[in-house]
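Per the UniProt record's numbering, the very first residue in the sequence shown carries number 1; after that it's consecutive. For each residue, glycine too, the CB sits at the ideal point set by N, CA and C. Every value quoted in this text rests on a predicted model; they were computed, and no experiment measured them. Down below is the structure, laid out as C-alpha coordinates.
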Amino acid sequence: MSEPSERPVLTVRDLTVEFPGDGDTALRAVDGVSFELGAGGALGIVGESGSGKSTTALALLGLHRHSSARVSGEILLGDDDVNALGDEAVRRLRGRRAAMIFQDPMSALDPYYRIGDQISEVYRTHTGAGRRAAWAKAVEVLDRVGIPDAARLARARPHEFSGGMRQRALIAMALACEPRILVADEPTSALDVTVQAQILDLIDELRAETGMALLLVTHDLGVVSRSVERVLVMRDGRAVEQGPVGEVLKAPAEPYTRALLDAVPRLDGPVRERRTPGEPLLTVTGLTREFRRPGGGLRREVMRAVDDVSLEVRRGETLGVVGESGSGKTTLARMIVRLLEPTHGSIVFAGQDVTRLPERGLRAVRRDLQMVFQDPVSSLNPRRTVGDSIADPLRVHGTGDREALRTARELMERVGLDASRHDRYPHEFSGGQRQRMGIARALSLRPKLLVCDEPVSALDVSTQAQILELLGDLQEEYDLTIVFVSHDLAVVRQVSDRVAVMHDGELVELADAADLYGSPRHEYTRRLLAAVLAPV
(Lines of atoms letter the chains of each structure in order from A and count residues from 1; the text may use other names and numbers.)
(Lines give C-alpha, C1' and ligand atoms only; values in the text may rest on other atoms or scores of the structure.)
Protein backbone atom coordinates (compact mmCIF):
# COMPACT_ATOMS: atom_id res chain seq x y z
CA MET A 1 0.00 0.00 0.00
CA SER A 2 1.31 3.43 -0.91
CA GLU A 3 2.01 6.04 1.73
CA PRO A 4 -0.18 9.13 1.84
CA SER A 5 1.38 12.37 0.61
CA GLU A 6 1.93 15.31 2.94
CA ARG A 7 -0.85 17.40 1.36
CA PRO A 8 -4.30 16.02 2.22
CA VAL A 9 -6.80 15.45 -0.58
CA LEU A 10 -9.53 15.39 2.08
CA THR A 11 -9.68 17.38 5.30
CA VAL A 12 -12.66 17.13 7.65
CA ARG A 13 -12.88 19.56 10.56
CA ASP A 14 -15.51 19.45 13.29
CA LEU A 15 -18.10 17.73 11.09
CA THR A 16 -21.55 17.66 12.68
CA VAL A 17 -24.74 16.23 11.16
CA GLU A 18 -28.10 16.69 12.89
CA PHE A 19 -31.57 15.41 12.04
CA PRO A 20 -34.87 16.73 13.42
CA GLY A 21 -36.06 14.86 16.49
CA ASP A 22 -39.28 14.96 18.45
CA GLY A 23 -40.59 18.47 18.98
CA ASP A 24 -37.79 21.05 18.95
CA THR A 25 -35.04 18.53 19.66
CA ALA A 26 -32.35 17.42 17.21
CA LEU A 27 -30.67 14.04 16.80
CA ARG A 28 -26.91 14.53 16.44
CA ALA A 29 -25.84 11.62 14.24
CA VAL A 30 -22.26 12.94 13.80
CA ASP A 31 -20.73 15.05 16.54
CA GLY A 32 -17.57 17.07 15.87
CA VAL A 33 -15.60 14.51 13.83
CA SER A 34 -12.22 15.54 12.34
CA PHE A 35 -9.68 13.65 10.21
CA GLU A 36 -7.41 13.97 7.17
CA LEU A 37 -6.67 11.74 4.19
CA GLY A 38 -3.64 12.10 1.91
CA ALA A 39 -3.33 11.14 -1.76
CA GLY A 40 -2.86 7.41 -2.05
CA GLY A 41 -3.68 6.93 1.64
CA ALA A 42 -6.38 4.79 3.15
CA LEU A 43 -8.48 5.46 6.24
CA GLY A 44 -10.99 3.03 7.70
CA ILE A 45 -14.03 4.11 9.71
CA VAL A 46 -15.50 1.40 11.94
CA GLY A 47 -18.26 1.24 14.51
CA GLU A 48 -21.61 -0.32 15.26
CA SER A 49 -24.83 0.40 13.40
CA GLY A 50 -25.95 3.90 14.37
CA SER A 51 -22.42 5.05 15.21
CA GLY A 52 -22.52 7.69 12.45
CA LYS A 53 -19.97 6.19 10.06
CA SER A 54 -22.24 6.02 7.00
CA THR A 55 -23.73 9.44 7.78
CA THR A 56 -20.18 10.79 7.79
CA ALA A 57 -19.43 9.17 4.42
CA LEU A 58 -22.57 10.63 2.81
CA ALA A 59 -21.69 14.11 4.07
CA LEU A 60 -18.32 14.02 2.29
CA LEU A 61 -20.02 14.09 -1.12
CA GLY A 62 -22.76 16.51 -0.10
CA LEU A 63 -25.39 13.77 -0.21
CA HIS A 64 -27.39 15.18 2.72
CA ARG A 65 -28.38 18.20 0.61
CA HIS A 66 -32.11 18.78 0.13
CA SER A 67 -32.84 16.48 3.07
CA SER A 68 -33.82 17.35 6.62
CA ALA A 69 -30.21 17.03 7.78
CA ARG A 70 -28.24 20.03 9.04
CA VAL A 71 -24.54 19.73 8.20
CA SER A 72 -21.87 21.97 9.71
CA GLY A 73 -18.08 22.01 9.86
CA GLU A 74 -15.60 21.90 6.99
CA ILE A 75 -15.22 19.21 4.31
CA LEU A 76 -12.28 20.18 2.11
CA LEU A 77 -11.72 18.26 -1.14
CA GLY A 78 -8.37 19.83 -1.96
CA ASP A 79 -9.16 23.55 -1.57
CA ASP A 80 -12.93 23.25 -2.12
CA ASP A 81 -15.25 23.20 0.89
CA VAL A 82 -18.13 20.90 -0.05
CA ASN A 83 -20.46 22.62 2.41
CA ALA A 84 -19.83 26.03 0.81
CA LEU A 85 -20.24 24.97 -2.85
CA GLY A 86 -23.39 25.25 -4.95
CA ASP A 87 -25.27 22.20 -6.17
CA GLU A 88 -23.78 22.21 -9.68
CA ALA A 89 -20.21 22.48 -8.37
CA VAL A 90 -20.81 19.55 -6.01
CA ARG A 91 -22.22 17.46 -8.86
CA ARG A 92 -19.04 18.11 -10.84
CA LEU A 93 -16.94 16.91 -7.90
CA ARG A 94 -18.78 13.61 -7.70
CA GLY A 95 -17.45 10.88 -9.93
CA ARG A 96 -14.27 12.63 -11.06
CA ARG A 97 -12.88 14.03 -7.80
CA ALA A 98 -14.66 11.69 -5.42
CA ALA A 99 -16.90 8.66 -6.00
CA MET A 100 -18.89 6.50 -3.64
CA ILE A 101 -19.74 2.82 -3.47
CA PHE A 102 -23.00 2.36 -1.62
CA GLN A 103 -23.84 -0.43 0.79
CA ASP A 104 -26.93 -1.77 -1.00
CA PRO A 105 -26.27 -2.46 -4.70
CA MET A 106 -29.89 -3.31 -5.47
CA SER A 107 -30.99 0.17 -4.39
CA ALA A 108 -28.14 1.90 -6.24
CA LEU A 109 -28.65 0.11 -9.58
CA ASP A 110 -31.64 0.84 -11.80
CA PRO A 111 -33.53 -2.47 -12.26
CA TYR A 112 -34.69 -1.53 -15.78
CA TYR A 113 -31.41 -0.68 -17.52
CA ARG A 114 -28.59 -3.01 -18.50
CA ILE A 115 -25.54 -2.98 -16.23
CA GLY A 116 -23.27 -1.84 -19.04
CA ASP A 117 -25.58 1.05 -19.96
CA GLN A 118 -25.57 2.32 -16.37
CA ILE A 119 -21.78 2.31 -16.17
CA SER A 120 -21.52 3.87 -19.65
CA GLU A 121 -23.85 6.70 -18.63
CA VAL A 122 -21.70 7.57 -15.61
CA TYR A 123 -18.55 7.54 -17.75
CA ARG A 124 -20.09 9.67 -20.51
CA THR A 125 -21.48 12.20 -18.03
CA HIS A 126 -18.10 12.87 -16.45
CA THR A 127 -15.75 12.49 -19.44
CA GLY A 128 -17.81 13.43 -22.50
CA ALA A 129 -16.86 10.13 -24.18
CA GLY A 130 -18.90 8.76 -27.07
CA ARG A 131 -21.28 5.81 -26.73
CA ARG A 132 -18.88 3.24 -28.21
CA ALA A 133 -15.94 4.32 -26.03
CA ALA A 134 -18.17 4.43 -22.95
CA TRP A 135 -19.46 0.92 -23.62
CA ALA A 136 -15.89 -0.35 -24.05
CA LYS A 137 -14.98 1.28 -20.73
CA ALA A 138 -17.94 -0.43 -19.04
CA VAL A 139 -16.83 -3.84 -20.29
CA GLU A 140 -13.24 -3.10 -19.23
CA VAL A 141 -14.09 -2.19 -15.63
CA LEU A 142 -16.54 -5.07 -15.27
CA ASP A 143 -13.76 -7.40 -16.32
CA ARG A 144 -11.35 -5.75 -13.86
CA VAL A 145 -13.66 -6.37 -10.91
CA GLY A 146 -13.99 -10.04 -11.76
CA ILE A 147 -17.24 -10.30 -13.74
CA PRO A 148 -16.81 -13.40 -15.95
CA ASP A 149 -17.50 -12.99 -19.67
CA ALA A 150 -17.88 -9.22 -19.12
CA ALA A 151 -18.69 -8.40 -22.75
CA ARG A 152 -21.80 -10.59 -22.59
CA LEU A 153 -22.88 -9.92 -19.00
CA ALA A 154 -22.64 -6.15 -19.52
CA ARG A 155 -25.93 -6.65 -21.36
CA ALA A 156 -27.61 -8.24 -18.33
CA ARG A 157 -29.90 -6.40 -15.93
CA PRO A 158 -29.35 -6.24 -12.15
CA HIS A 159 -31.87 -9.00 -11.33
CA GLU A 160 -29.85 -11.40 -13.48
CA PHE A 161 -26.79 -10.95 -11.27
CA SER A 162 -26.19 -12.57 -7.88
CA GLY A 163 -25.83 -10.29 -4.86
CA GLY A 164 -22.04 -10.48 -5.05
CA MET A 165 -22.01 -9.74 -8.77
CA ARG A 166 -24.27 -6.70 -8.27
CA GLN A 167 -21.83 -5.36 -5.67
CA ARG A 168 -18.95 -5.84 -8.09
CA ALA A 169 -20.89 -4.01 -10.82
CA LEU A 170 -21.46 -1.11 -8.45
CA ILE A 171 -17.74 -0.99 -7.67
CA ALA A 172 -16.99 -0.98 -11.41
CA MET A 173 -19.33 1.99 -11.87
CA ALA A 174 -17.59 3.98 -9.14
CA LEU A 175 -14.13 3.18 -10.48
CA ALA A 176 -14.91 3.96 -14.14
CA CYS A 177 -13.84 7.62 -13.88
CA GLU A 178 -10.80 6.84 -11.71
CA PRO A 179 -11.64 9.31 -8.94
CA ARG A 180 -9.01 10.84 -6.64
CA ILE A 181 -10.96 9.67 -3.60
CA LEU A 182 -13.05 6.53 -3.35
CA VAL A 183 -15.55 6.52 -0.49
CA ALA A 184 -16.57 2.90 0.02
CA ASP A 185 -19.49 2.15 2.35
CA GLU A 186 -19.37 -1.59 3.16
CA PRO A 187 -18.08 -2.46 -0.35
CA THR A 188 -17.38 -6.12 0.42
CA SER A 189 -20.15 -6.95 2.89
CA ALA A 190 -22.04 -9.05 0.32
CA LEU A 191 -18.97 -10.79 -1.13
CA ASP A 192 -17.46 -14.17 -0.37
CA VAL A 193 -13.90 -14.28 0.92
CA THR A 194 -12.17 -15.01 -2.39
CA VAL A 195 -14.03 -12.30 -4.33
CA GLN A 196 -13.51 -9.95 -1.39
CA ALA A 197 -9.77 -10.50 -1.71
CA GLN A 198 -9.94 -9.79 -5.44
CA ILE A 199 -11.83 -6.53 -4.90
CA LEU A 200 -9.46 -5.36 -2.17
CA ASP A 201 -6.48 -6.24 -4.36
CA LEU A 202 -8.05 -4.27 -7.23
CA ILE A 203 -8.55 -1.20 -5.05
CA ASP A 204 -4.92 -1.51 -3.90
CA GLU A 205 -3.77 -1.62 -7.53
CA LEU A 206 -5.81 1.47 -8.43
CA ARG A 207 -4.39 3.35 -5.46
CA ALA A 208 -0.86 2.43 -6.52
CA GLU A 209 -1.48 3.35 -10.18
CA THR A 210 -3.44 6.58 -9.77
CA GLY A 211 -2.71 7.90 -6.27
CA MET A 212 -6.39 7.43 -5.42
CA ALA A 213 -7.20 7.76 -1.72
CA LEU A 214 -9.58 5.37 0.02
CA LEU A 215 -12.08 6.07 2.76
CA LEU A 216 -13.39 2.67 3.80
CA VAL A 217 -16.51 2.38 5.96
CA THR A 218 -16.98 -1.18 7.20
CA HIS A 219 -18.01 -3.36 10.10
CA ASP A 220 -15.43 -5.98 9.05
CA LEU A 221 -12.33 -5.46 11.17
CA GLY A 222 -10.45 -8.07 9.13
CA VAL A 223 -10.96 -5.97 5.99
CA VAL A 224 -9.80 -2.86 7.88
CA SER A 225 -6.60 -4.54 9.09
CA ARG A 226 -5.85 -5.68 5.53
CA SER A 227 -6.75 -2.52 3.60
CA VAL A 228 -5.95 0.74 5.41
CA GLU A 229 -3.07 2.52 7.12
CA ARG A 230 -5.15 4.38 9.69
CA VAL A 231 -8.45 3.65 11.41
CA LEU A 232 -11.04 5.86 13.09
CA VAL A 233 -13.45 4.23 15.57
CA MET A 234 -16.87 5.86 15.95
CA ARG A 235 -19.46 5.47 18.69
CA ASP A 236 -22.70 7.45 19.09
CA GLY A 237 -21.58 9.95 16.43
CA ARG A 238 -18.17 10.67 17.94
CA ALA A 239 -14.64 9.60 17.06
CA VAL A 240 -13.54 7.74 20.20
CA GLU A 241 -10.19 6.52 18.89
CA GLN A 242 -8.03 6.93 15.79
CA GLY A 243 -4.48 6.09 14.81
CA PRO A 244 -2.33 3.63 12.83
CA VAL A 245 -4.37 0.50 12.19
CA GLY A 246 -1.80 -1.89 13.67
CA GLU A 247 -1.61 0.04 16.94
CA VAL A 248 -5.36 0.50 17.35
CA LEU A 249 -6.26 -3.12 16.61
CA LYS A 250 -3.43 -4.71 18.57
CA ALA A 251 -3.47 -2.42 21.60
CA PRO A 252 -6.70 -0.39 21.64
CA ALA A 253 -6.84 2.45 24.12
CA GLU A 254 -10.64 2.44 24.37
CA PRO A 255 -12.69 -0.37 25.98
CA TYR A 256 -15.25 0.07 23.19
CA THR A 257 -12.65 -0.81 20.55
CA ARG A 258 -11.63 -3.85 22.55
CA ALA A 259 -15.28 -4.95 22.78
CA LEU A 260 -15.60 -4.71 18.98
CA LEU A 261 -12.52 -6.88 18.55
CA ASP A 262 -13.75 -9.44 21.07
CA ALA A 263 -17.03 -9.82 19.14
CA VAL A 264 -15.30 -10.87 15.88
CA PRO A 265 -15.82 -14.58 15.00
CA ARG A 266 -12.49 -16.30 14.36
CA LEU A 267 -11.39 -19.41 12.51
CA ASP A 268 -9.26 -20.38 15.52
CA GLY A 269 -12.14 -19.84 17.95
CA PRO A 270 -13.95 -22.68 19.70
CA VAL A 271 -16.27 -24.93 17.71
CA ARG A 272 -19.65 -25.13 19.41
CA GLU A 273 -20.40 -28.25 21.40
CA ARG A 274 -21.98 -30.77 19.05
CA ARG A 275 -25.64 -31.43 19.78
CA THR A 276 -26.85 -35.02 19.62
CA PRO A 277 -28.77 -35.10 16.36
CA GLY A 278 -32.07 -36.92 15.95
CA GLU A 279 -33.50 -38.67 12.93
CA PRO A 280 -33.31 -37.02 9.50
CA LEU A 281 -35.78 -34.14 9.22
CA LEU A 282 -34.79 -33.09 5.68
CA THR A 283 -33.37 -35.25 2.91
CA VAL A 284 -32.54 -33.91 -0.54
CA THR A 285 -31.50 -36.34 -3.26
CA GLY A 286 -30.00 -35.47 -6.64
CA LEU A 287 -31.27 -31.91 -6.38
CA THR A 288 -30.62 -29.93 -9.56
CA ARG A 289 -31.71 -26.48 -10.73
CA GLU A 290 -31.10 -25.25 -14.26
CA PHE A 291 -31.35 -21.68 -15.57
CA ARG A 292 -30.94 -20.31 -19.04
CA ARG A 293 -28.15 -17.77 -19.27
CA PRO A 294 -29.07 -14.20 -20.30
CA GLY A 295 -28.68 -13.49 -24.00
CA GLY A 296 -30.60 -13.53 -27.24
CA GLY A 297 -31.73 -16.39 -29.40
CA LEU A 298 -33.77 -19.51 -28.85
CA ARG A 299 -30.80 -21.71 -27.95
CA ARG A 300 -29.62 -19.92 -24.86
CA GLU A 301 -27.03 -21.84 -22.86
CA VAL A 302 -28.33 -23.80 -19.86
CA MET A 303 -26.53 -23.22 -16.56
CA ARG A 304 -26.76 -25.66 -13.67
CA ALA A 305 -26.87 -23.47 -10.56
CA VAL A 306 -27.22 -26.58 -8.38
CA ASP A 307 -25.93 -29.85 -9.76
CA ASP A 308 -27.00 -33.21 -8.31
CA VAL A 309 -26.75 -32.29 -4.61
CA SER A 310 -27.67 -34.90 -2.00
CA LEU A 311 -27.57 -34.38 1.76
CA GLU A 312 -29.62 -34.78 4.91
CA VAL A 313 -30.24 -32.53 7.90
CA ARG A 314 -30.97 -34.21 11.22
CA ARG A 315 -33.45 -32.94 13.76
CA GLY A 316 -31.91 -30.47 16.21
CA GLU A 317 -28.64 -29.82 14.35
CA THR A 318 -27.32 -26.79 12.50
CA LEU A 319 -25.95 -27.47 9.04
CA GLY A 320 -23.77 -24.67 7.68
CA VAL A 321 -23.62 -24.18 3.90
CA VAL A 322 -20.67 -22.16 2.55
CA GLY A 323 -19.31 -21.23 -0.85
CA GLU A 324 -18.51 -18.31 -3.12
CA SER A 325 -21.08 -16.12 -4.84
CA GLY A 326 -22.60 -18.21 -7.61
CA SER A 327 -21.75 -21.50 -5.88
CA GLY A 328 -25.44 -22.40 -5.67
CA LYS A 329 -25.90 -22.15 -1.90
CA THR A 330 -28.78 -19.64 -2.00
CA THR A 331 -30.44 -21.50 -4.88
CA LEU A 332 -30.23 -24.68 -2.80
CA ALA A 333 -31.77 -22.88 0.20
CA ARG A 334 -34.64 -21.53 -1.90
CA MET A 335 -35.37 -24.96 -3.33
CA ILE A 336 -35.48 -26.48 0.16
CA VAL A 337 -38.31 -24.11 1.12
CA ARG A 338 -39.87 -24.48 -2.35
CA LEU A 339 -39.44 -20.85 -3.37
CA LEU A 340 -37.73 -22.30 -6.44
CA GLU A 341 -38.81 -25.45 -8.27
CA PRO A 342 -36.11 -28.10 -8.70
CA THR A 343 -35.40 -29.17 -12.25
CA HIS A 344 -34.55 -32.67 -11.05
CA GLY A 345 -34.28 -34.47 -7.71
CA SER A 346 -36.40 -34.82 -4.60
CA ILE A 347 -36.98 -33.04 -1.28
CA VAL A 348 -38.32 -35.09 1.62
CA PHE A 349 -39.30 -33.09 4.70
CA ALA A 350 -40.55 -34.73 7.91
CA GLY A 351 -41.15 -37.95 5.99
CA GLN A 352 -43.19 -36.31 3.22
CA ASP A 353 -42.03 -35.82 -0.36
CA VAL A 354 -42.66 -32.10 -0.94
CA THR A 355 -40.88 -31.84 -4.30
CA ARG A 356 -43.99 -31.48 -6.44
CA LEU A 357 -46.62 -30.51 -3.87
CA PRO A 358 -49.23 -28.08 -5.23
CA GLU A 359 -49.67 -24.70 -3.53
CA ARG A 360 -52.48 -25.90 -1.26
CA GLY A 361 -50.35 -28.74 0.07
CA LEU A 362 -47.34 -26.45 0.44
CA ARG A 363 -49.26 -24.08 2.71
CA ALA A 364 -49.52 -26.76 5.39
CA VAL A 365 -45.84 -27.72 5.01
CA ARG A 366 -44.70 -24.11 5.33
CA ARG A 367 -45.97 -23.94 8.90
CA ASP A 368 -42.97 -26.14 9.70
CA LEU A 369 -40.54 -24.80 7.08
CA GLN A 370 -39.59 -21.12 7.24
CA MET A 371 -36.83 -18.87 5.91
CA VAL A 372 -34.90 -15.84 7.17
CA PHE A 373 -33.75 -13.81 4.19
CA GLN A 374 -30.45 -12.05 3.52
CA ASP A 375 -31.97 -8.60 3.05
CA PRO A 376 -34.56 -7.65 5.70
CA VAL A 377 -35.27 -4.37 3.87
CA SER A 378 -36.53 -6.23 0.79
CA SER A 379 -38.38 -8.92 2.74
CA LEU A 380 -40.40 -6.48 4.92
CA ASN A 381 -43.25 -4.52 3.34
CA PRO A 382 -42.37 -0.82 3.82
CA ARG A 383 -46.08 0.12 3.88
CA ARG A 384 -47.03 -2.25 6.69
CA THR A 385 -46.23 -1.89 10.36
CA VAL A 386 -43.73 -4.33 11.78
CA GLY A 387 -46.42 -5.84 13.98
CA ASP A 388 -48.57 -6.57 10.95
CA SER A 389 -45.61 -8.03 9.04
CA ILE A 390 -44.80 -10.42 11.88
CA ALA A 391 -48.47 -11.34 12.30
CA ASP A 392 -49.17 -11.96 8.59
CA PRO A 393 -48.08 -15.64 8.50
CA LEU A 394 -50.44 -16.36 11.40
CA ARG A 395 -53.32 -14.66 9.60
CA VAL A 396 -52.62 -16.65 6.43
CA HIS A 397 -52.96 -19.84 8.47
CA GLY A 398 -56.27 -18.86 10.05
CA THR A 399 -55.38 -17.07 13.30
CA GLY A 400 -57.68 -14.18 14.19
CA ASP A 401 -56.35 -10.64 13.92
CA ARG A 402 -56.31 -9.89 17.65
CA GLU A 403 -54.55 -13.14 18.54
CA ALA A 404 -52.08 -12.74 15.67
CA LEU A 405 -51.07 -9.24 16.82
CA ARG A 406 -50.77 -10.41 20.43
CA THR A 407 -48.41 -13.19 19.32
CA ALA A 408 -46.47 -10.72 17.15
CA ARG A 409 -45.87 -8.44 20.14
CA GLU A 410 -44.73 -11.41 22.25
CA LEU A 411 -42.30 -12.44 19.52
CA MET A 412 -40.94 -8.90 19.26
CA GLU A 413 -40.08 -9.00 22.94
CA ARG A 414 -38.58 -12.50 22.59
CA VAL A 415 -36.17 -11.39 19.85
CA GLY A 416 -35.14 -8.26 21.75
CA LEU A 417 -37.43 -5.62 20.22
CA ASP A 418 -39.63 -3.16 22.09
CA ALA A 419 -43.18 -4.44 21.54
CA SER A 420 -44.59 -0.94 22.10
CA ARG A 421 -43.12 -0.07 18.67
CA HIS A 422 -45.25 -2.67 16.88
CA ASP A 423 -47.09 0.12 15.05
CA ARG A 424 -43.88 1.58 13.54
CA TYR A 425 -42.56 0.93 10.03
CA PRO A 426 -39.38 -0.90 8.94
CA HIS A 427 -37.49 2.26 7.92
CA GLU A 428 -37.64 3.45 11.54
CA PHE A 429 -35.40 0.60 12.71
CA SER A 430 -31.72 -0.27 12.30
CA GLY A 431 -30.46 -3.13 10.14
CA GLY A 432 -29.96 -5.40 13.14
CA GLN A 433 -33.45 -4.64 14.42
CA ARG A 434 -34.94 -5.39 11.00
CA GLN A 435 -33.17 -8.74 10.94
CA ARG A 436 -34.69 -9.51 14.35
CA MET A 437 -38.09 -8.76 12.80
CA GLY A 438 -37.38 -11.26 10.03
CA ILE A 439 -36.51 -13.90 12.62
CA ALA A 440 -39.64 -13.12 14.64
CA ARG A 441 -41.83 -13.46 11.56
CA ALA A 442 -40.21 -16.78 10.60
CA LEU A 443 -40.82 -18.10 14.14
CA SER A 444 -44.45 -17.00 14.31
CA LEU A 445 -45.68 -20.41 13.10
CA ARG A 446 -43.30 -22.37 15.39
CA PRO A 447 -41.49 -24.11 12.50
CA LYS A 448 -39.41 -27.27 12.76
CA LEU A 449 -36.80 -26.15 10.20
CA LEU A 450 -35.42 -22.64 9.80
CA VAL A 451 -33.39 -21.85 6.67
CA CYS A 452 -31.25 -18.74 7.21
CA ASP A 453 -29.76 -17.15 4.08
CA GLU A 454 -26.86 -14.82 5.01
CA PRO A 455 -28.74 -13.57 8.11
CA VAL A 456 -25.81 -11.54 9.53
CA SER A 457 -23.79 -10.56 6.44
CA ALA A 458 -24.78 -6.87 6.55
CA LEU A 459 -24.47 -6.41 10.32
CA ASP A 460 -21.66 -4.96 12.42
CA VAL A 461 -19.71 -7.41 14.56
CA SER A 462 -21.42 -6.68 17.89
CA THR A 463 -24.92 -6.84 16.36
CA GLN A 464 -23.85 -9.97 14.48
CA ALA A 465 -22.80 -11.59 17.76
CA GLN A 466 -26.16 -10.70 19.32
CA ILE A 467 -28.13 -12.21 16.40
CA LEU A 468 -26.05 -15.41 16.47
CA GLU A 469 -26.56 -15.72 20.22
CA LEU A 470 -30.29 -15.14 19.73
CA LEU A 471 -30.49 -17.88 17.08
CA GLY A 472 -28.69 -20.28 19.42
CA ASP A 473 -31.07 -19.52 22.29
CA LEU A 474 -34.12 -19.85 20.02
CA GLN A 475 -32.85 -23.16 18.68
CA GLU A 476 -32.83 -24.57 22.21
CA GLU A 477 -36.13 -22.98 23.19
CA TYR A 478 -38.08 -23.91 20.04
CA ASP A 479 -36.23 -27.19 19.29
CA LEU A 480 -35.26 -25.82 15.89
CA THR A 481 -33.28 -27.45 13.14
CA ILE A 482 -31.31 -24.83 11.18
CA VAL A 483 -29.74 -24.63 7.73
CA PHE A 484 -27.35 -21.66 7.93
CA VAL A 485 -26.17 -20.32 4.56
CA SER A 486 -23.26 -17.87 4.62
CA HIS A 487 -20.09 -16.81 2.84
CA ASP A 488 -18.51 -16.00 6.23
CA LEU A 489 -16.57 -19.10 7.21
CA ALA A 490 -15.74 -17.82 10.71
CA VAL A 491 -19.43 -17.28 11.48
CA VAL A 492 -20.34 -20.71 10.09
CA ARG A 493 -17.69 -22.34 12.30
CA GLN A 494 -19.20 -20.67 15.35
CA VAL A 495 -22.80 -21.84 14.77
CA SER A 496 -22.62 -25.16 12.90
CA ASP A 497 -22.50 -28.82 13.87
CA ARG A 498 -21.71 -29.89 10.31
CA VAL A 499 -20.66 -27.88 7.27
CA ALA A 500 -21.39 -28.39 3.56
CA VAL A 501 -19.10 -26.70 1.01
CA MET A 502 -20.50 -25.83 -2.43
CA HIS A 503 -18.53 -24.92 -5.56
CA ASP A 504 -19.97 -24.31 -9.05
CA GLY A 505 -23.27 -25.86 -8.02
CA GLU A 506 -21.76 -29.05 -6.62
CA LEU A 507 -21.40 -30.26 -3.05
CA VAL A 508 -17.64 -30.82 -2.78
CA GLU A 509 -17.24 -31.49 0.95
CA LEU A 510 -19.49 -32.30 3.91
CA ALA A 511 -18.09 -32.97 7.38
CA ASP A 512 -18.35 -32.20 11.08
CA ALA A 513 -17.31 -28.58 11.70
CA ALA A 514 -14.25 -29.48 13.77
CA ASP A 515 -12.99 -31.91 11.11
CA LEU A 516 -13.63 -29.61 8.16
CA TYR A 517 -11.93 -26.58 9.70
CA GLY A 518 -9.11 -28.63 11.21
CA SER A 519 -8.33 -30.90 8.25
CA PRO A 520 -10.18 -29.86 5.10
CA ARG A 521 -9.98 -32.51 2.40
CA HIS A 522 -10.95 -30.60 -0.73
CA GLU A 523 -8.56 -28.10 -2.31
CA TYR A 524 -11.41 -25.59 -2.76
CA THR A 525 -12.21 -25.69 0.97
CA ARG A 526 -8.54 -25.05 1.76
CA ARG A 527 -8.55 -22.03 -0.59
CA LEU A 528 -11.64 -20.58 1.08
CA LEU A 529 -10.13 -20.93 4.54
CA ALA A 530 -6.84 -19.39 3.42
CA ALA A 531 -8.65 -16.28 2.12
CA VAL A 532 -10.33 -15.42 5.44
CA LEU A 533 -9.09 -12.12 6.90
CA ALA A 534 -8.50 -11.78 10.65
CA PRO A 535 -8.40 -8.35 12.35
CA VAL A 536 -4.96 -8.83 13.93
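- Looking at the DSSP output, residue 508 shares a beta bridge with no other residue.
- Of the candidates 138, 455, 58, the residue whose Cα lies closest to the Cα of residue 375 is 455.
- No Cβ-Cβ contact shorter than 8 Å links residue 390 with residue 371.
- In the DSSP assignment, residue 241 falls within the unbroken beta strand (DSSP E) covering 238-244.
- Of the candidates 481, 249, 201, the residue whose Cα lies closest to the Cα of residue 263 is 249.
- Under a 10 Å Cβ-count criterion, residue 352 is classified as exposed, with fewer than 16 other Cβ atoms of the shown protein chains found around its own Cβ.
- For residue 140, the enclosing alpha helix (DSSP H) covers residues 131-144.
- Spatial neighbours of residue 241 in its own chain (CB-CB distance under 7 Å, excluding positions within 5 residues in sequence) are listed in chain order as 233, 248, 252, 253, 254, 257.
- Contact check for residue 203 against residue 168 fails: the beta carbons are separated by 8 Å or more.
- Counting C-beta pairs closer than 8 Å gives three or more between the segment 523-534 and the segment 190-197, which meets the contact rule.
- From the listed residues 16, 86, 269, the smallest Cα separation to residue 517 is found for 269.
- Distance from the CA atom of residue 425 to the CA atom of residue 109, rounded to whole angstroms, is 24 Å.
- Counting only residues of its own chain and dropping the five nearest sequence neighbours on each side, residue 31 has a CB closer than 7 Å to the CB of 16, 237, 238.
- The three-state secondary structure of residue 94, taken from DSSP, is helix.
- Within its own chain, the residues whose Cβ lies closer than 8 Å to the Cβ of residue 221, once the five positions on either side in sequence are excluded, are 46, 249, 260, 261, 264, 461, 535, listed in chain order.
- Nearest in C-alpha terms to residue 34, of all of 125, 378, 346, 231, is 231.
- A distance below 8 Å between beta-carbons, with the five flanking residues on each side excluded, links residue 401 to the following residues of its chain, in chain order: 391, 395.
- By the Cβ rule, the segment 138-157 counts as touching the segment 171-188, because three or more pairs are nearer than 8 Å.
- For residue 412, no pairing in a beta bridge is given by DSSP.
- If you look at residue 306, you'll find it isn't in any alpha helix (DSSP H); it sits in the beta strand (DSSP E) that goes 302-314.
- Scanning the segment 221-287 from its first residue to its last, the whole alpha helix (DSSP H) runs of 4-plus residues come out as 221-227, 245-250, 255-262.
- Take the alpha-carbon of residue 314 and the one of residue 278: they are about 6 Å apart.
- Judged by beta-carbon spacing, residue 393 lies within the 8 Å limit of residue 445, meaning their Cβ atoms are closer than that value.
- With 16 or more other Cβ atoms inside 10 Å of its own Cβ, residue 354 counts as buried.
- Taking a 10 Å sphere around the C-beta of residue 20, we find fewer than 16 other C-beta atoms and assign the residue as exposed.
- DSSP places residue 490 within a helical segment (H, G or I) once states are collapsed to three.
- Here the alpha carbon of residue 532 sits roughly 43 Å from the alpha carbon of residue 404.
- In this structure residue 495 is not in contact with residue 275, their Cβ atoms being roughly 11 Å apart against a cut-off of 8 Å.
- In the DSSP assignment, residue 8 falls within the beta strand (DSSP E) that extends over 8-20.
- Contact annotation, residue 322 with residue 183: C-beta distance approximately 30 Å; criterion of less than 8 Å not satisfied.
- Short of 7 Å from the beta carbon of residue 291, and not among the five residues preceding or following it, lie these beta carbons of its own chain, in chain order: 303, 305.
- In the structure shown, the three-state DSSP call for residue 154 is coil.
- In summary, residue 179 is buried, with 16 or more beta-carbon neighbours lying within 10 Å of its beta-carbon over all protein chains present.
- The closest CA to that of residue 148, considering only 133, 164, 135, 54, is found on 164.
- Bounds of the beta strand (DSSP E) holding residue 70 are 70-77.
- When DSSP reads this structure, residue 371 sits in a beta bridge with 451.
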